[in-house]
Amino acid sequence: MSTYRSDCSRCAGLCCVALPFARSADFPEDKAGGDPCRHLGPDFGCGIHDRLRDRGYAGCTVFECFGAGQQVTQVTFGGADWRSEPTRRQEMFDVFAVMRHLHEMLALLEEAAERSPSPDLAELTEQVSAAAAGSASQVLATDVGGLRSAVGDALRRVSTEVRHPAGQSLAGADLLGRDLRRRDLRRADLRSALLVAADLRGVDLADADLLGADLRDAAVAGADLSRALFLSQAQVNALRGDGSTRLPAGHDRPAHWG
21 MSTYRSDCSR CAGLCCVALP FARSADFPED KAGGDPCRHL GPDFGCGIHD RLRDRGYAGC
81 TVFECFGAGQ QVTQVTFGGA DWRSEPTRRQ EMFDVFAVMR HLHEMLALLE EAAERSPSPD
141 LAELTEQVSA AAAGSASQVL ATDVGGLRSA VGDALRRVST EVRHPAGQSL AGADLLGRDL
201 RRRDLRRADL RSALLVAADL RGVDLADADL LGADLRDAAV AGADLSRALF LSQAQVNALR
261 GDGSTRLPAG HDRPAHWG
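Per the numbering used here, the sequence shown starts with residue 21, numbered consecutively.
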């Protein structure tokens, strides 16, 4: 399993406690941040994990911590948890929030280095890795905004190189519910594009930059995402695909695809 993928078996259920959620299409009830989900068991496992969507918890099936949960539990706090050390629970939750940002950046840098290795990427990866490996106080003191800016610039350079000659420029475009099956989206810039419920069935997204694109409920049956650029597992989890959808190496096919 990748370092930057969630391993719930090695986590103290941090996302199930630290994060809030509101009654919506993704959750059946409200929960405040810091309150344990009522389905969280004594072993930090989910009591309804195999039927989350049936019970209205679609949001849980989409969430991805990029391995921050196990890093915080096993490394930063040395195996301690918020139940055994209640005086540190808020600190654990705060560190988890920062660590998720750091691990997401590391996952993106890892992909960028695979596509276009460079000394600059290696140096930046070392900086973010050092921040993630620090003590709780060091993690909390991290300039996340500064690192995000530097990582963003690096990813943009890689995207420009990989997508040459560039395809369609659709960064930030409102493509909500659009039928895109006849569009050539190879090497397209789809950064931060709104693609909620878009029809991408059968579309080839080779070298298309999907960083930050909102892909919730986008239909991708038969689509080729195997060479899509900066597509996260969290984005994959939010898609509506099937057995014919091609995913990048290292990405899991969501169980709810059937």
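Ideal Cβ positions, reconstructed from N, Cα and C, are used throughout, including at glycine.
Assigned exposure category for residue i - 16 Cβ within 10 Å defines buried
i	result
Thr107	exposed
Gly33	buried
Thr96	buried
Ser179	buried
Gly187	buried
Glu131	buried
Gln110	exposed
Presumed contact (8 Å Cβ cut-off) between residue i and residue j, rounded CB distance
i	j	result
Arg211	Gly197	In fact, because the Cβ distance is near 19 Å, the residues do not count as touching under 8 Å.
Contacting residues, own chain, Cβ-Cβ under 6 Å from residue i (five flanking each side not counted)
i	result
His121	Val164
Arg75	Ile68
Cys66	His59
Ala254	Glu84
Straight-line gap, residue i to residue j (C-alpha atoms, nearest Å)
i	j	result
Pro185	Arg203	17 Å
Asp229	Cys28	29 Å
Cys57	Cys80	11 Å
Met119	Leu195	32 Å
Met21	Glu124	Note that Met21 scores a pLDDT of 44, beneath 50, so its modelled location is shaky and nothing firm can be said.
Phe47	Ser138	42 Å
Cβ shell of residue i (< 7 Å), same chain only, five flanking positions each side left out
i	result
Leu144	Leu129, Ala170, Val171 and Ala174
Val92	Leu34, Met112, Val115, Phe116 and Met119
Those residues which DSSP pairs with residue i across a bridge
i	result
Leu128	In the DSSP output, where bridge partners are listed per residue, Leu128 has none listed.
Ala42	For Ala42, which the question treats as bridged, DSSP gives no partner whatsoever.
Asp244	Asp224 and Arg266
Leu249	Asp229
Close Cβ partners of residue i (< 8 Å) along its chain, the five nearest in sequence each way excluded
i	result
Val223	Leu200, Arg201, Arg203, Leu205, Val240, Ala243 and Asp244
Ala193	Leu210, Ala213 and Leu214
Distance cut-off 7 Å: residue i Cβ against heavy atoms of the ligand MN
i	result
Val159	Among the components of this structure there are no ligands whatsoever, and the ligand MN is therefore not found.
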